[in-house]
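Here the structure is laid out as structure tokens; the discussion comes afterwards.
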Amino acid sequence: MPFFVFYYNCSMNWTKGVKDGIPIGIGYFAVSFSFGIAGSHILSWPLVTLISMFNLTSAGQFAGLKIIESLGTIFEMAVATFFINLRYSLMAISLSQKVDSSFGIVKRLLLSTGITDEIYAVSMSQKKKISSSYFFGLMCFPYLGWSLGTFVGAFSGPILPVEVSQALGVALYAMFVAIVVPEMKKQRSVFIVVILSIICSLLFYYAPVLNQISVGFSIILSAMIASAIGAILFPVEENIRE
Amino acid sequence: MNLERFFYYLLIMAGVTYLVRTIPFILIRKQLQNRFLRSFLSYIPYTVLAAMTIPAIFYATTSKIAAAVGLLTAILFSVLGRSLIFVATAACFAVFIMNMILG
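Chains as they are written, first to last, in this note's numbering: chain E, 12 to 253; chain F, 78 to 180.
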């Protein structure tokens with residue numbers, strides 16, 4: 012990855028960033044372990060691990076995996092990745108105003124890989140402007156956790172007993188549930204858009220004619236229809252919340 | 078999986094993901110003004126995850142009944158505010174038990 016070739020002084024900022032990144036890294040390990048297991052049914056472990064090392068995004072990678080599995084088109088992959096990861100653009104814009112002058116063009120090019128939901132959230136929760144060394148520190152453990160977790164999952168997937176790997180098949184989905192449900196509880200708007208998205212998704216899966224649409228597009232379309240309705244019915248107030 | 082095809086997929090995935098993050102990070106230094114777009118994007122993570130989970134979870138293990146029990150377990154512990162890892166472990170465990178019972 013690009014940021015590994017970068018040389019940094021081991022400053023206080025970097026150390027603090029690394030420390031703040033540890034909990035994210037542990038969480039990522041667990042999620043990417045499940046991703047690795049899911050991937051191991053389709054691809055060999057080096058390939059699954061490569062996906063994680065080059066993407067660092069859960070929903071995007073998982074949709075990508077589904078498209079690979081269904082031998083979808085390159086166009087479908089591009090469109091799905093674009094829409095599912097479009098929220099990172101929003102985070103990048105808001106992060107752009109939070110970083111200090113140590114973020115030049117080159118550092119932005121190298122460190123933008125670290126813009127994920129969790130790293131973004133921790134960055135924004137800092138009181139002061141954030142430096143590039145802090146941000147680099149912050150993304151170290153999450154990156155390692157994400158890559159390593161994928162490797163361990165993908166490697167152990169095929170050698171686990173069938174009963175265990177069958178049960179682990181639901182792990183990633185359960186994690187998605189654990190991300191979505193608390194937010195549904197907190198905000199009625201999220202509750203409604205999630206239900207809408209599920210209805211669309213079921214239609215794209217089971218309804219005649221609609222079920223001709225490929226898996227990648229049905230995810231994008233469901234999410235876009237539900238989010239658009241949500242944006243019209245319940246526009247958000249402040250700038251960005253995550 | 079044909080290796081060449083895989084690398085095309087990987088290139089597109091990684092390339093698009095990188096550009097989606099990097100281009101706005103470099104070019105846009107002001108806050109997004111359009112309220113519809115901001116709202117739309119704030120809902121996207123949840124709607125994407127929901128659409129990916131249902132109905133796919135029902136096909137993620139040997140039986141749909143076991144998967145349904147796993148899903149309900151996950152929802153229950155999420156409502157109770159348990160952590161990501163706890164929820165996932167409990168759901169897997171529930172599926173494991175159900176698969177044993179159903180044979």
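Note that the Cβ used here is the ideal one computed from N, Cα and C, for glycine as well. All of these numbers come straight from a predicted model, not from anything done at the bench.
Query, Result
"Inter-residue spacing [alpha-carbon to alpha-carbon] between A74/E and F93/E", "11 Å"
"Three-state secondary structure (DSSP) of V220/E", "coil"
"Meets three-Cβ-pair contact criterion under 8 Å: the segment 115-123 of chain F and the segment 224-231 of chain E", "no"
"Beta-carbon spacing of L207/E, L214/E below 8 Å", "no"
"C-beta atoms of T130/F and V172/F nearer than 8 Å", "no"
"Amino acids of chain E, ordered along the chain, whose beta-carbon sits closer than 7 Å to that of G147/F", "V181, A185"
"Contact under 8 Å by Cβ, S116/F with P193/E", "no"
"Near-chain F residues of the segment 145-169 of chain E (beta-carbon distance less than 7 Å), N- to C-terminal order", "none"
"Proximity winner among V205/E, S142/E, S105/E, relative to Y131/E (alpha-carbon distances)", "S105/E"
"Contact the segment 99-118 of chain F vs the segment 144-156 of chain E: 3+ CB pairs below 8 Å", "no"
"Any C-beta of chain E under 8 Å from that of L179/F", "no"
"Whether D31/E touches V110/E by CB criterion (8 Å)", "no"
"V181/E (DSSP reduced to helix, strand or coil)", "coil"
"Chain E contact for I142/F (CB, 8 Å cutoff)", "no"
"Assigned exposure category for F113/F - 16 Cβ within 10 Å defines buried", "exposed"
"I131/F: first and last residue of the uninterrupted alpha helix (DSSP H) it sits in", "Taken as a continuous stretch (DSSP letters only), I131/F belongs to no alpha helix (DSSP H), as it is neither H nor E."
"Cβ pair V188/E, G241/E closer than 8 Å", "no"
"Contact under 8 Å by Cβ, L161/F with M186/E", "yes"
"Min CB distance R98/E to chain F below 8 Å", "yes"
"Below-8 Å beta-carbon distance, P219/E vs any chain F residue", "no"
"Option nearest A49/E by Cα separation, candidates Y39/E, S81/E, S176/E, V191/E", "S176/E"
"Within 8 Å, strictly: CB atoms of A165/E and G47/E", "yes"
"Partner residues on chain F for K109/E, Cβ-Cβ distance less than 9 Å", "The contacting residues do not exist; K109/E stays about 11 Å from chain F at best."
"The segment 95-105 of chain E touching the segment 62-81 of chain E, judged by at least three CB pairs closer than 8 Å", "yes"
"Within chain F, partners of N66/E - CB distance below 8 Å", "M90, A91, T94"
"CB-CB length for S212/E against P101/F, believed under 8 Å", "The Cβ separation is near 28 Å, so there is no contact."
"Neighbouring residues, chain E, relative to Q108/F (Cβ below 8 Å)", "I104, S105, Q108, N250"
"CB of V97/F within 8 Å of CB of Y39/E, strictly", "no"
"Integer Cβ distance of V42/E from I134/F, believed to fall under 8 Å", "With 8 Å as the limit, V42/E and I134/F do not qualify as a contact, their Cβ atoms being about 16 Å apart."
"Near-chain F residues of the segment 122-144 of chain E (beta-carbon distance less than 8 Å), N- to C-terminal order", "S123, T124, I126, D128"
"Distance, V247/E Cα to E81/F Cα", "43 Å"
"I209/E versus F163/F: straight-line alpha-carbon distance, rounded", "24 Å"
"CB contact flag (S143/E, L159/E, <8 Å)", "no"
"As assigned by DSSP and simplified to three states, the class of I53/E", "coil"
"Under 8 Å by beta carbon: chain F residues contacting P172/E", "Under the 8 Å cutoff, chain F gives no residues; its nearest Cβ is about 10 Å from P172/E."
"Proximity winner among N66/E, V163/E, L61/E, relative to I271/E (alpha-carbon distances)", "Lying outside 12 to 253, the shown extent of chain E, residue 271/E is not represented and no answer is given."
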